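Numbering (the UniProt record's numbering), first residue to last: 1 to 324.
See below:
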């Protein structure tokens, strides 16, 4: 069971991770809103821009790992992108300058806090210690390292805002750095969003009761579940591609399959991008796109006559598990 490349899985993973991690924090955007924003860069909803920033930050972090280990510099860079021109942006890329805390309800006073993280003065030293832990050769299994790192980062809570999202970004990046992944092919936040109450309870139980075993087991179980989900998605995509090999009129089938291959590489495409991928000219591609639209396989995103962008509906449905 092999895909020609993993680009399609990465496309989906980046966006599913961004949507789920943001949902955990109460920032809700739909798949359709995110895809349209990434095409047009237009949205009246700040939530959509926040989710897009998460996807941008993860993509940037993966690229940085090619020449920079996980470090304070990388963590601050992730935070700067995450809060770029959205709520909390005044302190983007800067460690916290005021005492924060975790309460049961918004606006609850610090006296009733569930957890009070270390003070701003302690953050640089604690992040430096965490950086050393992440980058040293450890005796624990690699998945245990990731679990301990995530707990420690969330407990330091080094930013005024965005701590949960940056902490979850670091899970995938650390798994890549440790060689557990070659690319961002899983989306841990989908598991954490699905088990949100248990996620928070397990983190707090370590603080209150030193319940390390329970936290590590919970974390490891989630990573296994997400790996299985990626394998299942791979099978679905391969099956879907086979189903489409005989669509359309036989006379145009070779061109249709080349255009479909472009969508199975990345499911949202301009005509120019399809031309570049297939090495076919516009006069060959447009009739194929028209055929695929008539078959309800492809749809146009912008509603414009110029600068049109096309998306493959069944591929997006498979990636995101919902009708887009």
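Just so you know, even glycine gets a beta-carbon here, dropped at the ideal spot from N, CA and C. These numbers come from a predicted model, not from an experiment.
#1: Express the C-alpha separation of residue 153 and residue 115 in angstroms, rounding to a whole number.
#2: For residue 84, which option in 135, 51 and 225 has the closest C-alpha, if you only look at C-alpha atoms?
#3: Put residue 147 into one of helix, strand or coil per three-state DSSP.
#4: Which of the three DSSP states is assigned to residue 7 in this structure?
#5: Have a look at residue 95 and residue 5 and give me their C-alpha separation to the nearest angstrom.
#6: Considering Cα atoms alone, identify which of 260, 252, 228 and 231 is closest to residue 241.
#7: When the Cα atoms are used, what is the spatial distance from residue 129 to residue 294?
#8: Can you tell me where the beta strand (DSSP E) with residue 300 in it begins and where it stops?
#9: Quick check on the DSSP output: what are the complete beta strand (DSSP E) runs of length 3 or more inside the stretch 195–266, in order along the chain?
#10: Relative to the C-alpha of residue 290, which candidate in 318, 252 and 316 has its C-alpha closest?
#11: Determine the DSSP secondary structure at residue 86, reduced to helix, strand or coil.
#12: Need the endpoints of the beta strand (DSSP E) that residue 310 sits in, please.
#13: Quick one: residues in its chain with C-beta nearer than 8 Å to the C-beta of residue 72, no 5 flanking neighbours on either side, listed in chain order?
#14: Just verifying my parser: in three-state terms, what is the DSSP assignment at residue 325?
#15: Could you check which residue in 270, 136 and 282 has the C-alpha nearest to that of residue 39?
#16: Below 8 Å on the Cβ atoms is my contact criterion, and I expect residue 65 with residue 145 to pass it. Report the Cβ-Cβ distance as a whole number of Å.
#17: On a CA-only basis, which of 86, 24, 32 and 36 is nearest residue 47? Give me that one, please.
#18: Answer with buried or exposed for residue 323, where buried requires no fewer than 16 other C-beta atoms within 10 angstroms of its C-beta.
#19: Report the residue from 44, 7, 296 and 55 whose alpha carbon sits nearest the alpha carbon of residue 172.
#20: Please classify residue 114: does DSSP put it in a helix, a strand, or coil?
#21: If you draw a straight line from the C-alpha of residue 70 to the C-alpha of residue 147, how long is it?
#22: Could you check which residue in 163, 226 and 174 has the C-alpha nearest to that of residue 194?
#23: State buried or exposed for residue 17, treating a residue as buried only when at least 16 other CB atoms are found within 10 Å of its CB.
#24: Evaluate residue 174 with the Cβ neighbour count: other Cβ atoms within 10 Å of its Cβ, from every protein chain shown; 16 or more gives buried, anything less gives exposed.
#25: Which value, in whole angstroms, describes the spacing of the CA atoms of residue 138 and residue 188?
#26: For my contact list, residue 169 and residue 61 are in at a C-beta cut-off of 8 Å; report their separation, rounded to the angstrom.
#27: Within the same chain, show all residues whose beta-carbon is closer than 6 Å to that of residue 244, passing over the 5 residues directly before and after it, in chain order.
#28: Taking the beta strand (DSSP E) that residue 269 falls in, what are its first and last residues?
#29: Comparing alpha-carbon positions, which option in 204, 268, 44 and 199 lies nearest residue 310?
#30: Pairs of beta-carbons, one from the stretch 29–36 and one from the stretch 313–323, closer than 8 Å: are there three or more?
So, to answer that:
#1: By 1-based counting over the chain shown, the position of residue 115 is 115. By 1-based counting over the chain shown, the position of residue 153 is 153. Going by the C-alpha atoms only, they are around 14 Å apart.
#2: Working through the chain shown from its first residue, we reach residue 84 at position 84. Of 135, 51 and 225, the smallest CA-CA separation from residue 84 is found for 51.
#3: Translated into positions along the chain shown, residue 147 becomes position 147. In the structure shown, residue 147 sits in a helix (DSSP, three-state: H, G or I).
#4: Working through the chain shown from its first residue, we reach residue 7 at position 7. In this structure, DSSP gives residue 7 a helical state, which the three-state scheme calls helix.
#5: Reading the chain shown from its first residue, position 95 is the one you call residue 95. Reading the chain shown from its first residue, position 5 is the one you call residue 5. Going by C-alpha positions, residue 95 is about 38 Å away from residue 5.
#6: Counting from 1 along the chain shown, the entry for residue 241 is found at position 241. Answer by Cα proximity: 260.
#7: Here the question's residue 129 lines up with position 129 in the chain shown. Here the question's residue 294 lines up with position 294 in the chain shown. Counting only the Cα atoms, residue 294 lies some 58 Å from residue 129.
#8: Numbered from 1 along the chain shown, position 300 holds the residue referred to as residue 300. Per DSSP, residue 300 belongs to the beta strand (DSSP E) from 298–300.
#9: If only uninterrupted beta strand (DSSP E) runs of at least 3 residues are considered, none is enclosed by the stretch 195–266.
#10: Numbered from 1 along the chain shown, position 290 holds the residue referred to as residue 290. That would be 252, whose Cα lies nearest to the Cα of residue 290.
#11: Counted from its first residue, the chain shown places residue 86 at position 86. The answer is coil: DSSP assigns residue 86 none of H, G, I, E or B.
#12: Along the chain shown, one-based indexing puts residue 310 at 310. Note, residue 310: beta strand (DSSP E), 309–312.
#13: For the purposes of this step, residue 72 is identified with residue 72 of the chain shown, where counting begins at 1. Apart from the 5 residues on each side of it in sequence, residue 72 sits with its Cβ closer than 8 Å to the Cβ of 124, 127, 128 and 131 in its chain, given in chain order.
#14: An answer regarding residue 325 cannot be provided, because it is not within the stretch 1 to 324 covered by the chain.
#15: Against the chain shown, residue 39 aligns to sequence position 39. For residue 39, the nearest C-alpha among the options comes from 270.
#16: On the chain shown, residue 65 is found 65 positions in, with the first residue counted as 1. On the chain shown, residue 145 is found 145 positions in, with the first residue counted as 1. Here residue 65 is actually not in contact with residue 145; their C-beta atoms are around 16 Å apart, not less than 8 Å.
#17: Taking the first residue of the chain shown as position 1, residue 47 is located at position 47. Measuring from the Cα of residue 47, the nearest candidate turns out to be 86.
#18: Looking up residue 323 in the chain shown gives position 323. Model confidence at residue 323 stands at a pLDDT of 42, short of 50, so the residue's coordinates are unreliable; what they give is reported in the following sentence. So residue 323 counts as exposed.
#19: What you label residue 172 is simply residue 172 of the chain shown in a count that begins at 1. Answer by Cα proximity: 55.
#20: Residue 114 sits at position 114 when you count from the first residue of the chain shown. Coil at residue 114, not helix or strand.
#21: Position 70 of the chain shown, counting from 1, holds the residue named residue 70. Position 147 of the chain shown, counting from 1, holds the residue named residue 147. One alpha carbon belongs to residue 70, the other to residue 147, and they sit about 15 Å apart.
#22: Position 194 of the chain shown, counted from the first residue, corresponds to residue 194. Of 163, 226 and 174, the residue nearest in Cα terms is 226.
#23: In the chain shown, the residue the question calls residue 17 occupies position 17. Counting Cβ neighbours within 10 Å, residue 17 comes out buried, since at least 16 surround it.
#24: In the chain shown, counting from the first residue as 1, residue 174 sits at position 174. Under this definition residue 174 is a buried residue.
#25: Working through the chain shown from its first residue, we reach residue 138 at position 138. Working through the chain shown from its first residue, we reach residue 188 at position 188. Rounded to whole angstroms, residue 138 to residue 188 spans 22 Å at the Cα level.
#26: Position 169 of the chain shown, counting from 1, holds the residue named residue 169. Position 61 of the chain shown, counting from 1, holds the residue named residue 61. That belief holds up - the Cβ atoms of residue 169 and residue 61 are roughly 6 Å apart, short of 8 Å.
#27: Mapped onto the chain shown, residue 244 falls at position 244. Answer for residue 244: 260, listed in chain order.
#28: Here residue 269 refers to the residue found at position 269 when the chain shown is read from its first residue. Element bounds for residue 269: 268–270.
#29: Residue 310 sits at position 310 when you count from the first residue of the chain shown. Among 204, 268, 44 and 199, the Cα nearest to that of residue 310 is on 268.
#30: Inter-segment contact for the stretch 29–36 and the stretch 313–323 is present: three or more beta-carbon pairs are separated by less than 8 Å.
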